[in-house]
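K.L.:
Take a look at the following structure, please.
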Amino acid sequence: MIYLEYAIFQRALLGCVFIGLLGGLIGVFVVKMRLSTIGYSMSHSAFAGAALGVALSVDPLLTAIVFSAVTAVFIGPAADKARLPIDTITSIAFSLNMALAFIFLTFSPQIGLSSEVASVLWGSIVSITNRDLVYLIALCSITLALIYLFWKELFTIMFDRKMAEADGVNTKIFVYFMIFLAGITVALSLKLVGGLLVYALLFNPASSALQYLHDMRKIIFLSPIIGAASCIAGFFTSLIFDIPVGSCIALISTLIFAVSVILSPKRRRRWRNEG
Amino acid sequence: MEPIIELRDVSTVYEGEKRPAIRDVNLAFEGGEFAYVIGPNAAGKTTLLETINGLLPIFKGHISVLNLDVQKYGREVRCQIGYVPQDFMVDPGEPYAALDVVLMGRYGKIGVIGMPSKEDKEKAIEAMRLLEIEDLANKPIGKLSGGQQQKVMIARAIAKEPKILLLDEPFSNLDPESRGKISKLIAQISSEHNLTTIIVTHDLRQMAESCSRAIVMNSGRIIADCEPREALALIEKWNFSDFWRHNG
């Protein structure tokens, strides 16, 4: 393919691989810990951060990361303090961040939605820089190391948080830690799929992998592979048909999920039993 | 002898509720005691267990378990308590083998970062062997029947090698034969290891056969703390409709 001779596309492809791996990996924890609203809440906080960055003439990616990190750090403790489900707090954070994003946009009316902010919203894979790749590789490595180190705790919390707590595991700190990692992953994925579709990267690969296997250790490997495959396929589809890469990735990962549900050996067995 | 578990004037209220789920509870359990908690639905039995292991905060009174203040040292206390929750059922697709779930019981004791050792795995398998579910070790837990899942949860509590066992309706999904067997097994393990054991049940016959102390609860209060036969007589006298519904 002629495109791949250019460094810009090589970087974009590498970005796809790492973002896919990372989204698939973190997604398993997000799905199993039922942190379903985290994805879209984080993406919109990153959007608000990017809008602020543009208004202040600062790197939008940097402000997006800061906004996501602050939201991520705030959500878990706020939910516990208020004794509310995490979903309730993330939904509130979602509307707050959208409101902030539109207020920040009014500070830079000449730029508006047609500029850098829009690229955060829709994604712009070709704008991935070497620095973004370094961030992604670093986050992948840190995430893998932390998951390896705390696998036992994460494994039992994913099974049942209350039982893990009853066994003496400090579940709070690990849930907060996962929310934080999900927030940073979303912020770094914005350039690829954009704020509006980034949660497809968190949910679709993990939900697809869960259809096939009965062993969480294997799911942890399969989900990132599905994530990376969706991103690579989405990237090439986008190049061939000249359509936004984020939409292609979301469509392909949704298609993989639909096929997984149909082919799922778990479901077939259940349907047979029910029949 | 110092009590292993002591509750003084304890009241617990759920978030958003006005009425306490348990109120002014005074109880003490010595090491090796084997007690049943009985009472109609919403009597506060489950709340009592979850208050003892510190899963629920109290708004009044004081609880100490193993000489530790549960409100301050809940995690340390819970590492020493084997807990089986009420009606624990998992989704059929859950990607966990039964052995994984039993082994999880030891995670709090292993501590952060440490990995389960060969000994931990042996303890988990031994607990499964005691409950005669060793052959289910590698089966996904979601594919097991309700009774088998309940045995897995009991094995998880036993594998922990706790000092205290808190079991909430642990026999509800078991057939009568398994119920008798496992009840005897728990009594045997409790006596061999001098475990303080508190079981919440609706099964009055089981209680009369296997314990030395019965605590009767109603509307969040302890209304009797006596011998099982005495408790049965009281229940008959008070005619709790709920008991009759469950015990024919």
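The listed protein sequences correspond, in order, to chains A and B.
Residue 134 in this note's numbering is what sits at position 107 of the first sequence, and the numbering runs on without skipping anything.
Residue 716 in this note's numbering is what sits at position 242 of the second sequence, and the numbering runs on without skipping anything.
Just so it is clear, CB atoms sit at the ideal spot from N, CA and C, and this is done for glycine as well.
1. Per DSSP, which residues does residue 508 of chain B bridge with? Please list them.
2. By the criterion of Cβ-Cβ separation under 8 Å, what are the contact partners of residue 559 of chain B in chain A?
3. Which same chain residues end up closer than 6 Å to residue 252 of chain A when comparing Cβ atoms and leaving out the 5 residues on each side of it in sequence?
4. Restricting to Cα atoms, I'd like to know which of A/277, A/291, A/285 and A/288 is closest to residue 149 of chain A.
5. Does the CB of residue 489 of chain B have a neighbour CB from chain A at under 8 Å?
6. How many Å lie between residue 76 of chain A and residue 62 of chain A at the Cα?
7. Within 8 Å (strictly less), CB to CB, does residue 552 of chain B reach chain A?
8. In the structure shown, what three-state DSSP assignment does residue 182 of chain A receive?
9. On the criterion of 16 or more Cβ atoms from any shown chain inside 10 Å, does residue 56 of chain A qualify as buried, or is it exposed?
10. In chain order, which continuous runs of the alpha helix (DSSP H) of length 4 or greater are located wholly inside the segment 550-626 of chain B?
11. Looking at residue 226 of chain A: is its Cβ nearer than 8 Å to the Cβ of residue 292 of chain A?
12. Write down the C-beta distance between residue 237 of chain A and residue 58 of chain A rounded to the nearest angstrom, noting that I regard them as a contact closer than 8 Å.
13. Three or more C-beta pairs closer than 8 Å, one from the segment 518-538 of chain B and one from the segment 150-166 of chain A: is that the case here?
14. In chain order, what residues of the same chain lie with their CB nearer than 7 Å to the CB of residue 617 of chain B, ignoring the 5 residues before and after it?
15. Quick check: does the Cβ of residue 275 of chain A come within less than 7 Å of any heavy atom belonging to the ligand SAH?
16. Is it the case that the segment 668-687 of chain B contacts the segment 494-512 of chain B, given that we only count it when at least three CB pairs across the two stretches are under 8 Å?
17. Would you call the CB atoms of residue 233 of chain A and residue 48 of chain A closer than 8 Å?
18. Counting Cβ pairs closer than 8 Å, one from the segment 556-563 of chain B and one from the segment 617-634 of chain B, do we hit at least three?
19. Residue 718 of chain B by DSSP, collapsed to three states: which one?
20. Given 8 Å as the limit, is there contact between the segment 184-204 of chain A and the segment 63-72 of chain A, that is, 3 or more CB pairs closer than that?
21. Got a sec? Which residues, its chain only, sit under 8 Å from residue 205 of chain A by beta carbon, not counting five neighbours each side?
22. Quick one, which of A/132, A/107, A/152 and A/93 has its alpha-carbon nearest residue 270 of chain A's?
23. Determine whether the beta carbon atoms of residue 680 of chain B and residue 657 of chain B lie at a separation below 8 Å.
24. Taking a Cβ distance cut-off of 9 Å, strictly less, list which residues of the segment 240-269 of chain A are near chain B, in chain order.
25. For chain A, is any of its Cβ atoms less than 8 Å away from the one on residue 654 of chain B?
26. Less than 8 Å between CB atoms is the rule here; does residue 204 of chain A satisfy it with respect to chain B?
27. Just to make sure I have the definition right: I need the residues of chain A whose C-beta is within less than 7 Å of the C-beta of residue 672 of chain B. Which are they?
28. What residue from A/187, A/287, A/261 and A/283 has the CA that sits closest to residue 568 of chain B's CA?
29. Within 10 angstroms of its Cβ, does residue 554 of chain B collect 16 or more other Cβ (buried), or is it exposed?
30. Residues in the segment 611-625 of chain B with C-beta within 7 Å of chain A's C-beta atoms, listed in sequence order?
31. Would you list, in chain order, the members of the segment 583-615 of chain B that have their beta-carbon closer than 8 Å to a beta-carbon of chain A?
32. Mind checking residue 580 of chain B: buried by the 16 CB within 10 Å criterion, or exposed?
33. By a C-beta neighbour count over all protein chains shown, 10 Å radius and 16 as the cutoff for buried, is residue 552 of chain B buried or exposed?
34. If the criterion is Cβ atoms closer than 8 Å, does the pair residue 501 of chain B and residue 709 of chain B meet it?
35. Enumerate in chain order the residues of its own chain whose CB-to-CB distance from residue 64 of chain A is below 8 Å, with the five nearest sequence positions on each side excluded.
36. Compare the C-alpha of residue 68 of chain A against each of A/209, A/184 and A/273 and name the closest.
P.N.:
A quick look at the data gives this:
1. B/671
2. 189, 190 and 193
3. Cβ within range, chain order: n/a, list empty.
4. A/277
5. Yes, contact with chain A.
6. About 21 Å.
7. By this cut-off, residue 552 of chain B is an interface position.
8. helix
9. Flag for residue 56 of chain A reads buried.
10. 572-578, 581-584 and 592-604
11. no
12. Going by Cβ atoms, the distance from residue 237 of chain A to residue 58 of chain A rounds to 7 Å, so yes, they are a contact pair.
13. no
14. Within the same chain, residue 617 of chain B has close Cβ partners 566.
15. In terms of ligand content, the structure shown is empty, and the ligand SAH therefore cannot be addressed.
16. Yes: at least three Cβ pairs fall under 8 Å.
17. no
18. yes
19. Caution is warranted here: a pLDDT of 46 is assigned to residue 718 of chain B, below 50, making its placement in the model unreliable, and no coordinate value can be reported.
20. no
21. 53, 56, 57, 60, 62 and 181
22. A/152
23. yes
24. Result list: 240, 241, 242, 243, 244, 245 and 246.
25. no
26. no
27. Simply none; closest approach about 14 Å.
28. A/187
29. Under this definition residue 554 of chain B is a buried residue.
30. Along the segment 611-625 of chain B, the positions whose C-beta sits under 7 Å from a C-beta of chain A are 614, read in chain order.
31. 583, 584, 586, 587, 588, 589, 590 and 614
32. buried
33. By the beta-carbon neighbour count (other beta carbons within 10 angstroms, threshold 16), residue 552 of chain B is buried.
34. no
35. 113, 114, 117, 118 and 121
36. A/209
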